[in-house]
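This report refers to the structure that appears directly beneath it.
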Amino acid sequence: MMVPVRCFTCGNVVAEHWEEFKARTREAEEPEDPEKVLDELGVERHCCRRMLVSHKDLVDIVAPYQ
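If you count the sequence shown from 1, position 14 lands on 14 in our numbering, and the numbers rise without skipping.
What follows is the structure, given as structure tokens:
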């Protein structure tokens, strides 16, 4: 899996928030609102928020063979 390590725009590290963000917004039985999750994680910059919200794991699609 490819984890977004740094924001492309400002260079801030976003990898530390990725696992919790993904677990709470995409993999949860009842997904939470991404805006609230990012607020709780302390991600304030718009560019970093966009980086986390728009990231799509493509590894399983691009390389489906194990």
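Where is the CB? At the ideal position from N, CA and C, for every residue including glycine.
task: Give a yes or no on whether the C-beta atoms belonging to Trp18 and Val3 are separated by under 8 Å.
output: yes
task: For the alpha helix (DSSP H) holding His46, just list the boundary residues, first then last.
output: 46 to 54
field: Pro34 - containing alpha helix (DSSP H), residue span
entry: 34 to 41
task: Note down the Cα distance separating Pro31 from Val62, rounded to an integer number of angstroms.
output: 25 Å
message: Could you pull the DSSP bridge partners for Arg6 from this structure?
response: Val13
field: Cα-Cα separation between Cys7 and Ser54, rounded to whole angstroms
entry: 12 Å
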